[in-house]
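K.L.:
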Amino acid sequence: MSTVGGVESPGPWGSFGAGLRLLVGWFSVAIAILNLLAELDRLPDRAYLLFHAMLLVGGLLLISYGWGTAGTGPAGYAGFGAVLTGGMLVSALPANHAVCCMTAYSVRHGYPFTFLARDDGGGWHVDSPQLLADLLFWGYAGLIVLVLVAMARRISEHHGGGRN
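Per the numbering used here, residue 2 is the first one in the sequence shown, and the count goes up by one each step.
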């Protein structure tokens with residue numbers, strides 16, 4: 002706070018972070034809506050719908066909540082990291098039979114998109130755009146956990162502070 006009681010400006014790095022958060026949020030919402038509208042004439046697969054629903058929800062959360070307003074503490078960030086890391090690792094372990102992505106390879110790994118594949122006799126292949134899409138998916142899933150932990154923390158602080 003300044004001497005006159007107003008809130009100080011966040012500075013250039015805080016403004017850059019807020020601008021980047023809003024750009025990524027709006028971009029995610031726009032891409033999700035446009036891709037879902039483009040698929041209205043046919044029945045897309047479940048992974049495609051789930052990815053774009055997560056893109057929409059994650060983008061809306063980025064637009065709605067600021068980093069400073071979350072107030073999650075270590076538990077929220079640990080939950081975010083656990084969902085992101087665990088989701089990527091657990092989805093990469095089982096081989097899947099996805100409808101899309103690297104169909105030339107017989108053994109495919111990753112959800113919602115195949116990002117790691119190999120032939121039975123060949124080497125591994127990593128598809129970096131699909132890997133980034135899966136990172137975005139699991140990152141947004143972690144963001145949902147982060148926001149839920151922040152909400153739970155605020156509720157518990159509010160109710161805990163009201164009892165005294």
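From the three backbone atoms N, C-alpha and C, an ideal C-beta is built for every residue, glycine too.
Leaving aside the five residues before and after Gly163 along the sequence, list all residues of the same chain whose C-beta is less than 7 Å from its C-beta, in chain order.
P.N.:
For Gly163, the pLDDT reaches just 47, beneath the cut-off of 50, and the residue's location in the model is therefore unreliable, although a value from the coordinates is still provided. So the list is empty, once near-sequence residues are dropped.
K.L.:
When we look at the beta-carbon of Ser3 and count the other beta-carbons within 10 Å, is it buried (16 or more) or exposed?
P.N.:
With a pLDDT of 46 at Ser3, under the threshold of 50, the predicted position of this residue should be treated as unreliable, though the coordinate-derived value follows. By the neighbour-count rule (16 or more Cβ atoms within 10 Å), Ser3 is not buried but exposed.
K.L.:
Contact between the segment 150-162 and the segment 131-139 is defined here as three or more beta-carbon pairs at a separation below 8 Å; is this criterion met?
P.N.:
no
K.L.:
Name the two residues that bound the continuous alpha helix (DSSP H) containing Pro75.
P.N.:
Counting along the chain, the alpha helix (DSSP H) containing Pro75 begins and ends at 74-93.
K.L.:
Could you spell out the range, first to last residue, of the alpha helix (DSSP H) harbouring Leu37?
P.N.:
12-39
K.L.:
Would you report the Cα separation of Pro45 and Val30, rounded to the nearest angstrom?
P.N.:
19 Å
K.L.:
Taking 7 Å as the limit between beta carbons, can you name the residues of its chain near Met55, skipping five residues before and five after?
P.N.:
Phe138, Tyr141, Ala142
K.L.:
Rounded to a whole number of angstroms, what is the C-alpha to C-alpha distance between Leu144 and Leu41?
P.N.:
Their backbone Cα atoms lie some 28 Å apart in a straight line.
K.L.:
In angstroms with no decimal places, state the Cα-to-Cα distance between Phe116 and Gly12.
P.N.:
39 Å
K.L.:
Measuring straight from C-alpha to C-alpha, what distance separates Leu62 and Gly26?
P.N.:
7 Å
K.L.:
Return the Cβ separation of Val146 and Gly80 in integer angstroms, given the expectation that the two are a contact with Cβ distance under 8 Å.
P.N.:
Going by Cβ atoms, the distance from Val146 to Gly80 rounds to 4 Å, so yes, they are a contact pair.
K.L.:
Assuming contact is defined by CB atoms lying nearer than 9 Å, are Asp128 and Tyr112 in contact in what I supplied?
P.N.:
no
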